[in-house]
Amino acid sequence: LSHPLHTQLSDRLHIKGGRIVNDDQSFYADVYLEDGLIKQIGENLIVPGGVKTIESHGRMVIPGGIDVNTYLQKPYHGTTTVDDFYQGTKAALAGGTTMIIDHVVPEPNQSLLTVFEKWHEAADNKSCCDYSLHVDITRWHEGVKEELEVLVQDKGINSFQVYMAYKDLYQMTDSQIYEAFTFLKGLGAVVQVHAENGDLIAQEQNKILSMGITGPEGHALSRPEELESEAVFRAITIANQVNCPVYISKVMSKSAADIIAQARKRGESVAFGEPITASLGTDGSHYWSKNWAKAAAFVTSPPLSPDPTTPDHLNALLACGDLQVTGSAHCAYSTAQKAIGKDNFTLIPEGTNGIEERMSIVWDKAVAVGKMDENQFVAVTSTNAAKIFNLYPRKGRIAVGSDADIVIWDPDKTNTISAKMQKSALEYNIFEGMECRGSPLIVISQGKIVSEDGNLHVHQGMGRFIPRKPFPEYVYQRIKTRNRVMALQGVSRGMYDGPVHEIPATPKYTTPAPSAKSSPAKNQPPPIRNLHQSNFSLSGAQIDDNIPRRSGHRIVAPPGGRSNITSLG
Amino acid sequence: MSYQGKKNIPRITSDRLVIKGGKIVNDDQSFYADIYVEDGIIKQIGENLIVPGGVKTINASSYMVIPGGIDVNTNLHMPYMGMTPADDFYNGTKAALAGGTTMIMDHVLPEPGSSLLAAYDQWRELADTKACCDYSLHLDITRWHESLREEIEALIKDKGVNSFLVFMAYKDKYQCTDSQVYEMFSIMRELGAIALVHAENGDIIEEEQKRLLEFGITGPEGHVLSRPEEVETEAVYRAITIAKQANCPIYITKVMSKDAADVIAQARRKGMVIYGEPIAASLGTDGSHYWSKNWAKAAAFVMSPPLSPDSSTPDYLNSLLSCGDLQVTGSAHCTFTTAQKAVGKDNFTLIPEGGNGVEERMSIIWDKSVATGKMDENEFVAVTSTNAAKIFNFYPRKGRVAVGCDADLVIWNPKGTKIISAKSHISVVEYNIFEGMECRGAPVVVISQGKIVLEEGNLHVTEGTGRFIPRKTFSDYVYKRIKARNWMAEVRGVPRGIYDGPVHDVTSTTKAVPSTPSSRGSVCPGKAQMVPVRNLHQSGFTLSGTQMDDHIPRRTAQRIMAPPGGRSNINSLS
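Those sequence lines, one after another, are chains F and G.
So in the UniProt record's numbering the end of the first sequence lands on 569, straight run, no missing numbers.
So in the UniProt record's numbering the end of the second sequence lands on 574, straight run, no missing numbers.
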C-alpha cells in the first residue's frame with residue numbers, strides 16, 4: 001500500500017487485483033472509484049494518471065457492511081449511551097461496516113417528528129459513515145398516523161418498530177398492533193417488531209424480585225426464551241391476518257428463530273429475522289457470573305439464551321437463509337450506568353456492544369467453519385439489508401454506479417477481541433478474549449479510505465443521511481400479488497325469510513361496571529321453548545346437496561392467507 | 001335380550017342386573033366376564049356369578065360392555081342475549097343417554113361481573129330438577145378480579161368444582177389479558193384446580209370482524225373468515241407459554257384445527273402437562289358448510305373456534321386422538337333453533353354460537369377412529385370416558401368397569417349402523433350438523449346408576465334423576481408431575497459480593513414512566529438531551545481482560561434450574 005499520507009482523502013481510487021464478492025457471485029476484477037461512486041469494474045481499466053492505487057493481492061473486495069440495528073443515542077433515565085454517533089460509527093468503520101441504521105426512540109408522549117429531527121441533527125453532526133433511521137413507535141394513537149405519513153412521504157423513513165414488551169411503557173395490545181400493521185402496510189413500510197411478551201415479563205419480574213433475586217441473573221430468569229418465541233408467533237399471526245410483511249429485530253433464541261423459519265416455509269408470511277452480534281457470538285451463561293459488572297454487561301432484551309448451542313444454531317439458520325440479516329443492536333452503557341440497577345436487575349439499562357465485531361464474528365462462526373460461503377456472507381451482512389430497506393443497489397453491491405462503500409477483507413487475518421483495543425468508549429467487551437478469523441484490511445466509505453490496518457481517518461459529520469423510499473420490491477412484490485389474489489368474497493344467497501327469535505330487550509353484554517363485590521345473580525329469563533316447533537326444517541335433503549363440496553369456493557385465499565382490501569395499487 | 005322375571009315397564013326400577021356374555025372393555029384391557037349390578041354399583045365381575053334369584057338378565061354376547069361415556073363439555077344453559085339453548089338439561093341429557101353418554105360436565109357461564117357462587121347455585125338447581133344422567137359442573141370465569149379468589153376457594157372447598165374456564169377471546173366481554181391469565185393460572189395451580197382455556201385471539205377476531213362487516217360480508221362465512229385457524233393456534237401457543245411460566249397444568253377446550261392440535265402435541269413432547277379436547281363437531285365434520293347457499297344450514301355450524309374449512313381436519317384430529325396426543329372428547333353441545341340463530345341473519349357476529357353433538361359423539365368416534373383402524377377399542381374407552389374421569393378426578397368411580405364403580409355402563413354394538421338425522425335425533429333443534437352421516441358403532445343398552453335407560457331403541461328416563469358428582473382438587477393424574485416439578489424447580493440467585501464500583505447518578509428528570517397520554521402527538525419542544533457523560537469510561541474500574549471467575553468453566557448445571565416442564569413458582573404446593 002503505497003501511501004505515506006494517510007489523511008489524504010483522495011476522490012479517486014483504483015483497487016487492483018482483488019476478488020470481487022457479491023451475494024450472487026465472486027470474480028476477479030479491478031475497481032475504479034471516483035466521486036464516491038464505483039465508476040468502472042473490469043480488467044485493464046483506463047484510469048487517469050496519478051490515481052491512488054490499492055493492491056489487494058487477491059484478497060476479497062466486498063460491499064461494506066450494513067448494520068441494520070444500532071442505538072447510538074438511546075436515552076435512559078436522563079443519561080445516554082456512551083457510544084454516540086461519532087464513537088459508534090468509528091467503531092462500525094473499524095469493523096468493516098460502512099452504513100448503520102439507527103433506531104429513533106421517542107418517549108411515549110413525544111412527537112415522532114420532533115424526535116426524528118433531533119436524531120437526524122445529532123447524526124448529521126457526528127456520524128462518520130452513511131446512516132439511515134428507523135423510527136420506533138412507542139405509543140399507538142390516532143395522531144401518530146399523520147406523523148407516520150409525513151415520515152414516509154417527506155423524510156425518507158420506511159421502517160418502524162413496534163413493541164410487544166415493556167408493559168405500561170412502550171407495549172402495544174394485539175388490537176393496536178393489528179391497526180399499526182394495517183396502517184404501515186398501507187404506507188409500504190417495513191414493520192419491525194420487538195417480540196417479547198411484556199405482560200408475562202412483568203409478572204415474572206415481580207415474582208423474582210419478591211424471591212430476593214436482584215442480580216443480573218434475574219434478567220434472564222424473568223425473560224425465558226419462551227416469552228420471546230411466543231411473541232414472535234403472535235406477531236407473525238397478526239401479520240398474516242393483515243397480509244403485512246413483518247421483520248423480527250433481535251432474534252436471540254433457537255425457538256424464536258425456528259418459528260420464523262417455519263412461518264417462511266409455510267409460505268404464509270413475508271417474515272424476516274435479524275439475529276445480532278451478541279446472539280451469534282456468545283450466550284447467556286454469563287448472567288450467572290460472580291462478577292456483577294460482567295454479568296450486567298450482558299443485559300439486553302430479549303436476553304441472550306443460557307443455552308450454549310444457541311450461537312451455532314442461529315449461525316446455521318443464517319447460512320441457509322432462514323434468517324436474513326444481521327445487526328448489532330449496539331447500545332453501549334458504561335458499567336457505572338449499568339450500576340443504576342445494582343440492587344434491582346429491572347433497572348439495569350439494556351444493551352450490548354457489537355457494532356465493531358459483527359462482521360468478524362459472522363465470518364468466524366459461519367464462514368470459517370464452513371457453514372456459509374463468502375457470497376452468503378455478503379448477503380447477510382450487507383445485501384439483504386439493502387434490499388429489505390430499499391437501499392439496493394446503491395448499497396450492498398459492488399457494481400458500476402453503486403456507492404463506493406467497499407471493504408477489502410482478509411479471511412485469514414485473526415484478531416482477538418478486547419476492550420483494550422476497541423474503538424467503543426466502553427470499558428468492557430462482551431466478546432472479550434474471543435479470537436476471530438476474518439477481518440477488514442481497508443475500509444472505504446464514500447470512496448475514501450477511512451480505515452487502513454486499524455488506523456482510522458475519519459472526522460465527525462462525514463456521514464450522510466440516506467433516505468429510503470417505501471414499498472421495497474424485495475418485501476412488497478409478494479404482498480401486492482397476495483392482495484390481488486386474496487380478495488375477500490362473500491356468499492351470495494337469497495334473503496333468509498324464516499322465523500327470527502325475538503330478543504327480549506335485556507341489555508346486550510356490554511361490560512357492566514366492574515363491581516368488586518359479587519352482585520346478586522340476576523335471574524335468568526326462563527328459556528323460551530316453543531321456538532323449535534317452527535315448521536321450518538333443515539334436516540334431510542338441502543337444495544345444494546347435489547353439489548359436491550366446492551373446495552374451490554371454500555377458501556378464497558391462497559396459501560398465504562387473506563388480504564386487506566384497500567389495495568396497494 | 002331375554003328377561004327373567006320382571007316385565008319391561010317404562011321405568012325399570014329394578015336395582016339388580018346381570019349382564020351376561022359380553023366383552024368388558026376398559027382402557028387397559030378387554031376380557032369376557034359377567035357383571036352383577038346392585039344399588040347403582042358394580043358388585044361382582046367374573047364367570048358363573050352367584051346372584052339372587054329373579055334378577056333381570058341382559059344378554060350381551062357378541063357385544064362389548066364399556067364404561068358409559070363422559071361428555072366433558074356441554075352448554076345446556078348458556079345464556080345469549082336473553083335466550084338459552086333449545087336443549088336444556090332434560091333434553092340434553094336425554095340425548096346424551098341415547099348416544100351412550102352417562103355423564104356430562106356442563107359449563108356454568110355467569111354474567112361478567114356477577115357472582116360465581118350465585119351462577120353455580122342457579123345451574124345446580126336447574127340440573128338437579130332436570131338432568132337425567134349424572135353431571136358435574138365447570139365454572140367459566142367471565143371476568144377476572146382479585147376478589148374472585150374467595151369465591152373460587154369456596155367453590156373448590158364446599159361445592160365440588162375443580163375446573164375453571166378462562167377466555168382468551170370475546171373482547172370486552174369475557175376476554176382476559178395475559179397478566180390476568182397468568183394470575184388465574186397461578187391460583188389454579190396453588191389450589192389444585194384444572195385450568196380450562198378457550199383459546200382464540202379475541203383482539204384479532206374483533207379487528208377482522210370489523211373489517212369483514214365493513215366489506216359487506218354479513219353471512220355465516222364471515223364467522224369463519226374472521227376466525228381463521230391461525231388465531232386459534234396463536235392463542236393455544238400463548239396459553240401454553242403462560243402455563244409453563246406458572247407451572248400450571250392446562251386443558252384446551254374445543255380443539256378445532258390441525259395446527260392447534262399440533263401445538264398441543266409439541267408441547268406435550270417438551271414435557272408440558274397439557275390436555276386437548278377435540279369435540280364431536282371437529283371430529284365429524286368440517287367448515288365447508290359455512291359457504292352453503294342455504295343461510296340456515298350455514299348458520300347451524302356457527303361455533304367458536306369455528307370448524308376448519310380444511311376438509312382433512314377430522315381425519316387428522318382422529319389420528320392425534322388415537323395416538324394419545326389429544327386425550328379427551330366433548331361435544332360442546334349448545335343448540336339454538338334456526339329462529340334463534342336468525343337473530344344474526346344480517347350480521348354474523350350476532351349468530352348465537354354452538355352446535356349439536358352430545359348424542360352423536362360416541363358413534364362418530366367409533367366410526368371415524370375405530371372402524372377405520374386408527375384406534376382400538378381400549379383407546380376408544382380412554383378418550384370417551386376414562387381419561388376424562390382421571391383428569392377431572394372422579395376415577396375410578398366413573399370411567400371404568402370394575403367392582404365398586406358406578407354402574408354407568410353401555411352395551412355397545414360395534415357392527416350396528418345408524419344414519420344421523422334431525423328427524424330421528426333426540427335434540428329438539430330442527431337441524432343436525434351431521435345430517436346424513438352413516439355411523440358404524442352404536443349403543444344397544446345404556447345403563448345409568450344401575451338402571452336401564454335405553455333398550456331396543458326406547459328411552460326410559462326421568463327428569464331430575466341425575467345426581468351432581470362433586471370433584472376434589474389435586475387430581476393425581478394431573479398434579480403428581482406438577483408437584484414433583486415444584487419441588488425441583490426452585491430458582492436461585494447468584495451469591496456475589498456487593499458491587500462497589502461507580503454508579504451513574506440518575507438525574508431526577510423524566511423517569512421512563514408512562515406519561516399521561518396526550519390525545520394528539522402533541523409536539524413538545526424536544527427536551528434537550530443531556531450531553532452524554534463521556535468521562536465515565538475513564539473510571540479505573542476495568543472489566544476487560546481476565547475475570548476472577550474465568551478459570552471456572554461455564555457451569556451448565558447451575559444455569560437452568562428447571563426440569564423439561566419449565567420453571568416454577570416457589571410457593572410450593574406442600
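Quick reminder that beta carbons are idealized off the backbone N, C-alpha and C, glycines included.
Against chain F, with Cβ distances strictly below 7 Å, would residue i count as a contact?
i, result
"G:LYS270", "no"
"G:GLY521", "With a pLDDT of only 35 at G:GLY521, under 50, the local geometry of the prediction cannot be trusted, and no value is derived from it."
"G:MET188", "no"
"G:PRO502", "yes"
"G:MET78", "no"
"G:VAL358", "no"
"G:TRP123", "no"
"G:MET81", "yes"
"G:LYS293", "yes"
"G:GLY526", "In this predicted model, G:GLY526 has a pLDDT of only 38, less than 50, meaning its place in the structure is not dependable enough to derive any value."
"G:THR349", "no"
"G:SER518", "Because the pLDDT of G:SER518 is 38, which lies under 50, any placement of that residue in the model is unreliable, and the number read from its coordinates should be weighed accordingly. Interface residue, yes."
"G:TYR135", "no"
Apart from the five residues on each side of it in sequence, which residues of its chain come closer than 6 Å, Cβ to Cβ, to residue i?
i, result
"G:THR349", "GLN209"
"F:GLN460", "TYR86, LYS126"
Applying a beta-carbon distance threshold of less than 7 Å, which residues of chain F neighbour residue i?
i, result
"G:VAL237", "A quick correction: the sequence has Tyr, not Val, at residue 237 of chain G. Those within 7 Å of G:TYR237 in chain F are GLU230, PHE233."
"G:VAL506", "HIS77, GLY78, ILE340"
Please go through the same chain and pick out, in chain order, the residues whose beta-carbon is closer than 8 Å to the beta-carbon of residue i, but skip the five residues on each side of it.
i, result
"F:ILE201", "ALA165, LYS167, SER222, ARG223, LEU227"
"F:ARG264", "ALA271, ASP322"
"F:TYR71", "THR81, ASP102, HIS103, VAL105, ALA329, HIS330, CYS331, GLY351"
Output, in chain order, the set of chain G residues within a Cβ distance shorter than 8 Å of residue i.
i, result
"F:GLN203", "SER179, TYR182, GLU183, GLN245"
"F:VAL500", "ALA339, ALA342, VAL343, LYS345"
"F:TYR178", "ASP203, ILE204, GLU207"
Does any residue of chain G have a CB that is nearer than 7 Å to the CB of residue i?
i, result
"F:PRO440", "no"
"F:PRO504", "yes"
"F:SER279", "no"
"F:SER175", "yes"
"F:GLY490", "yes"
"F:GLN337", "yes"
"F:ASP102", "no"
"F:ARG394", "no"
"F:ASP199", "yes"
"F:ARG493", "yes"
"F:TYR496", "yes"
Which chain F residues sit within Cβ distance under 8 Å of residue i?
i, result
"G:GLY404", "Those do not exist, as G:GLY404 stays about 38 Å from chain F at its closest Cβ, beyond 8 Å."
"G:VAL231", "THR237, GLN241"
"G:VAL491", "ILE208, MET211, ILE213, LEU221"
Could you please give me the residues that DSSP links to residue i through a beta bridge?
i, result
"F:LEU133", "F:ASP102"
"F:GLU435", "F:THR416"
"F:TRP409", "F:MET60, F:PRO440"
"F:ASN455", "F:GLU452"
"F:ILE20", "F:PHE27, F:VAL61"
"G:CYS439", "G:LYS418"
"F:HIS141", "F:HIS141 pairs with nothing; no bridge assigned."
Since residue i meets chain F, which of its residues come closer than 9 Å, beta carbon to beta carbon?
i, result
"G:ARG496", "GLY215, SER289, LYS290, ASN291, TRP292, ALA295"
"G:ALA98", "Chain F residues near G:ALA98: none, gap ~16 Å exceeds 9 Å."
Apart from the five residues on each side of it in sequence, which residues of its chain come closer than 7 Å, Cβ to Cβ, to residue i?
i, result
"F:SER56", "ILE15, LYS16, GLY17, GLY18, ILE408"
"G:LEU212", "GLY222, LEU225, SER226"
"F:LYS365", "LEU280, GLY281, PRO311, ASN315"
Residues within the stretch 22-36 of chain G neighbouring chain F, beta-carbon criterion of under 9 Å: none
Residues of the stretch 196-222 of chain G with Cβ closer than 9 Å to any Cβ of chain F, in chain order: ASN201, GLY202, ASP203, ILE204, GLU206, GLU207, GLU208, ARG211, LEU212, GLU214, PHE215, GLY216, ILE217, THR218, GLY219, PRO220, GLU221, GLY222
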